[in-house]
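Below is one structure; the comments refer to it alone.
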Ligand code: GDP
Ligand code: MG
Ligand code: K
């Protein structure tokens, strides 16, 4: 009989209040930018799966938008339950905190942590901790409130101590064949990722000016030999919101699309021809539906 090493594969949820660095961590763990990050909360709207494969183990990470979409104090029971259910079905949970900050929003998330699934406390933004002593006091304060399966201090942004974090997770992965091909880093398709990248740039460059009702739509995604031709429309609600996105002499939109193209080329590992434009949503279809909902026509 040949002695083949056993393979381990499992699901790892990354949870924490907005802005603790979940998406940044996921991107660094898998070595690719698949989950968008920004200083604003709620940039992650979808559940993104990131995959990290080693010789004898595969980690399947899930970013949990459930935690990002609630507004303070409005975490309702249905959402609560769905988050709990999804956390109960993974093999390991990473609960992220920002070093030296333990807020009421963190505590709200903490209250949803499963009791039967191993939870590792991940103290991120290590670079924000002043010294070892205060960091230890912070960890003691948090660990007094929950039975964690392990504690790790990392910097997602600077890629520090991520190998140590993986070392803590590995023993919790069950014996199983890999679920995904070893070179696959995400189950999201390129079309989805292209839209996410543009969305990230909009968040980054529009900041507070970001029109509240803005949408990104992929109108075309075609392979032309090895070249990807991508057309993306930024949909705003009102005509007067267009110049906010376009900027003076088109400079904002130009910056947004240039940076988005560079990110796409890196991620897709090939040339991209990208066109981004801004369109005013035709409100007609929505208006009709609105009226029907209220029984007015
Ligand atoms: P999420 O909302 O939990 O997904 O958080 P993001 O990944 O979008 O990160 C929120 C902000 O924290 C971004 O500006 C990141 O660059 C920043 N961030 C993430 N990790 C670190 C870190 O290790 N150190 C510092 N100083 N900032 C970080
Ligand atoms: Mg995020
Ligand atoms: K964020």
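Numbering (the numbering used here), first residue to last: 29 to 325. All residues carry an ideal CB built from backbone N, CA and C; glycine is no exception.
Three-state class that DSSP yields for residue 84 in the structure shown = Your numbering for residue 84 matches position 56 in the chain shown. Collapsing the DSSP output to three states places residue 84 in coil.
Close-in-space but distant-in-sequence residues of the same chain around residue 115 (CB under 6 Å, 5 per side omitted) | Here residue 115 is taken as the residue at index 87 of the chain shown, counted from 1. Around residue 115: 41, 121 and 142.
Should residue 114 be counted as a contact of the ligand MG given a C-beta to heavy atom distance under 7 Å?
-> Numbered from its first residue, the chain shown carries residue 114 at position 86. Checking the Cβ of residue 114 against the ligand MG gives no.
Taking the alpha-carbon positions, what's the residue 277 to residue 77 distance?
-> Walking along the chain shown from the start, residue 277 turns up at place 249. Walking along the chain shown from the start, residue 77 turns up at place 49. Taking the straight line from one Cα to the other gives about 38 Å.
How would you label residue 131, buried or exposed, when you count the other beta carbons within 10 angstroms and need 16 or more for buried?
-> In the chain shown, the residue the question calls residue 131 occupies position 103. Exposed, by the Cβ-count rule.
Might you give, ordered along the chain, the residues of its own chain that have their beta carbon closer than 8 Å to the beta carbon of residue 210, omitting 5 neighbours on each side?
-> What you label residue 210 is simply residue 182 of the chain shown in a count that begins at 1. Excluding residues within five positions, the ones whose Cβ falls inside 8 Å are 81 and 86.
Nearest-angstrom Cβ-Cβ length linking residue 190 and residue 57, presumed shorter than 8 Å = Numbered from its first residue, the chain shown carries residue 190 at position 162. Numbered from its first residue, the chain shown carries residue 57 at position 29. With a Cβ gap of about 6 Å, residue 190 and residue 57 count as contacting.
Simplified DSSP assignment, three categories, for residue 74 = By 1-based counting over the chain shown, the position of residue 74 is 46. Low confidence applies here, because residue 74 scores a pLDDT of 41, under 50, leaving its location unreliable; read the following figure in that light. Residue 74: coil per DSSP, three-state reduction.
Please determine, among 260, 144, 179 and 298, the residue with the shortest C-alpha to C-alpha distance to residue 197.
-> Counted from its first residue, the chain shown places residue 197 at position 169. Minimum Cα distance to residue 197 is reached at 179.
For the stretch 273-291 and the stretch 299-310, state whether three or more C-beta atom pairs, one from each stretch, are separated by less than 8 Å.
-> yes
Taking the alpha helix (DSSP H) that residue 291 falls in, what are its first and last residues?
-> Residue 291 sits at position 263 when you count from the first residue of the chain shown. Segment 279-296, the alpha helix (DSSP H) holding residue 291.
Compare the beta carbon distance of residue 124 and residue 50 with 8 Å and say whether it is the shorter of the two.
-> Counted from its first residue, the chain shown places residue 124 at position 96. Counted from its first residue, the chain shown places residue 50 at position 22. Contact: yes.
Comparing the CB of residue 276 with every heavy atom of the ligand MG, is any distance shorter than 7 Å?
-> As a working note, residue 276 is residue 248 in the chain shown. Result no, Cβ not under 7 Å from the ligand MG.
Let me know the secondary structure DSSP gives residue 223 once reduced to three states.
-> The sequence position of residue 223 within the chain shown is 195, counting from 1. In the structure shown, residue 223 sits in a helix (DSSP, three-state: H, G or I).
Any heavy atom of the ligand GDP closer than 7 Å to the Cβ of residue 153?
-> Translated into the one-based positions of the chain shown, residue 153 becomes position 125. For the ligand GDP, at least one heavy atom lies less than 7 Å from the Cβ of residue 153.
Could you tell me which of 309, 267, 194 and 230 sits nearest to residue 279, measuring between CA atoms?
-> Numbered from 1 along the chain shown, position 251 holds the residue referred to as residue 279. The shortest CA-to-CA distance from residue 279 to any of 309, 267, 194 and 230 is the one to 230.
C-alpha gap between residue 69 and residue 48, whole angstroms | Counting from 1 along the chain shown, the entry for residue 69 is found at position 41. Counting from 1 along the chain shown, the entry for residue 48 is found at position 20. Here residue 69 scores only 49 on pLDDT, less than 50, and its place in the model is too uncertain to base an answer on.
8 Å Cβ cutoff met for residue 260 and residue 308 = Here the question's residue 260 lines up with position 232 in the chain shown. Here the question's residue 308 lines up with position 280 in the chain shown. Contact flag unset, no.
Do you know how far the Cα of residue 119 is from the Cα of residue 195?
-> Counting from 1 along the chain shown, the entry for residue 195 is found at position 167. Counting from 1 along the chain shown, the entry for residue 119 is found at position 91. Rounded to whole angstroms, residue 195 to residue 119 spans 15 Å at the Cα level.
Can residue 156 be considered in contact with the ligand GDP, in the sense that its beta carbon sits closer than 7 Å to one or more heavy atoms?
-> Residue 156 sits at position 128 when you count from the first residue of the chain shown. Flag set: Cβ of residue 156 near the ligand GDP.
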